[in-house]
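Taking our numbering, I'd label the letters of the sequence shown as residues 3 to 165.
Here a beta-carbon is modelled for each residue, glycine too, at the ideal position from N, C-alpha and C.
These notes concern the structure reproduced below.
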Amino acid sequence: GYKYRVKRSQRYFEGLRVLPQWGGSCFEPYFRRTFEAFIALWKFQQQHRGELEQVDGYNMQRYEIGDIASKIGQLFYFYYLRTSNITSLNESYIFYEAIRGRQYFKSSRAKPEQRMTVLQKKLRFYARFVVVLLLKNYRALVWTLLGELTRLVEEYKTLDAFG
3 GYKYRVKRSQ RYFEGLRVLP QWGGSCFEPY FRRTFEAFIA LWKFQQQHRG
53 ELEQVDGYNM QRYEIGDIAS KIGQLFYFYY LRTSNITSLN ESYIFYEAIR
103 GRQYFKSSRA KPEQRMTVLQ KKLRFYARFV VVLLLKNYRA LVWTLLGELT
153 RLVEEYKTLD AFG
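Here it is, written out as structure tokens:
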């Protein structure tokens with residue numbers, strides 16, 4: 003089911019972080035496995051979203067969809083860093099732009115106790131997106147996102163995150 007796919011994808015994703023930055027012999031197959039796990043998870047949540055969003059079922063939140071999409075964007079970015087494959091950077095941008103446009107991290111349905119978690123995910127997403135935009139030299143959009151990021155940091159402060 004869904005929870006199994008989420009756990010498997012997260013386990014693979016965490017495994018990528020511990021791979022050495024040099025020597026690509028084990029990177030490619032592990033990356034492919036991780037990417038395939040996330041694509042399968044993405045397709046599963048698309049096909050079963052109605053069931054997953056039911057309150058008496060899994061009760062999937064919109065930010066969870068954003069989290070999956072963000073991880074796929076991170077995978078493309080990570081692949082770009084390892085291979086300098088510009089297509090991967092472009093794919094990362096496409097995913098990040100879609101996440102922002104669809105407002106997956108909008109916390110309107112999030113429970114009060116989840117609001118901080120959603121905001122932290124959104125802050126990390128914006129930081130990653132800004133880096134991708136800088137690499138693509140999309141300066142106008144960088145300034146727009148930095149303005150949005152500043153407002154998010156202020157919102158984070160009001161939640162007494164530092165206190």
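Exercise for review: Taking Ser86 and Phe78 to be in contact with their CB atoms under 8 Å, please state how far apart those CB atoms are, rounded to whole angstroms.
Suggested key: Incorrect: roughly 13 Å between the Cβ atoms, too far for contact.
Point to revise | Three-state secondary structure assigned by DSSP to Gly59 | key: Looking at Gly59 - three-state DSSP - the assignment turns out to be coil, as it is neither helix nor strand.
Review point. Smallest Cα separation from Arg130: which of Leu151, Gln105, Ala142 and Lys113?
Key: Out of Leu151, Gln105, Ala142 and Lys113, Leu151 has the C-alpha closest to the C-alpha of Arg130.
Review point. Is it buried or exposed for Lys5, if we count other Cβ within 10 angstroms and need 16 for buried?
Key: Counting the other CB atoms within 10 Å of its CB gives Lys5 a total below 16, which places it among the exposed residues.
Practice item. Mark Asp58 as exposed unless 16 or more other C-beta atoms lie within 10 angstroms of its C-beta, in which case mark it buried. Key: Around the beta-carbon of Asp58, fewer than 16 other beta-carbon atoms lie within 10 Å, marking it exposed.
Exercise for review: Whole angstroms is fine: what's the gap from Ile70's alpha carbon to Leu154's?
Suggested key: The straight-line gap from Cα to Cα measures roughly 21 Å.
Review point. Quick one, are the C-beta atoms of Phe107 and Gly68 less than 7 Å apart?
Key: The criterion of a C-beta distance shorter than 7 Å is satisfied by Phe107 and Gly68.
**Study point:** Segment limits, alpha helix (DSSP H) that includes Gln23
**Key:** Counting along the chain, no alpha helix (DSSP H) covers Gln23, and no H or E run does either.
**Study point:** Identity of the residue in Tyr158, Leu135, Gln105 and Leu143 nearest Thr119 by Cα
**Key:** Among Tyr158, Leu135, Gln105 and Leu143, the Cα nearest to that of Thr119 is on Tyr158.
Practice item. Mind reading off the beta-carbon distance from Phe46 to Arg84? Whole number of angstroms is fine, and I expect it under 8 Å. Key: At roughly 27 Å, the Cβ-Cβ gap does not stay under 8 Å, so Phe46 and Arg84 are not in contact.
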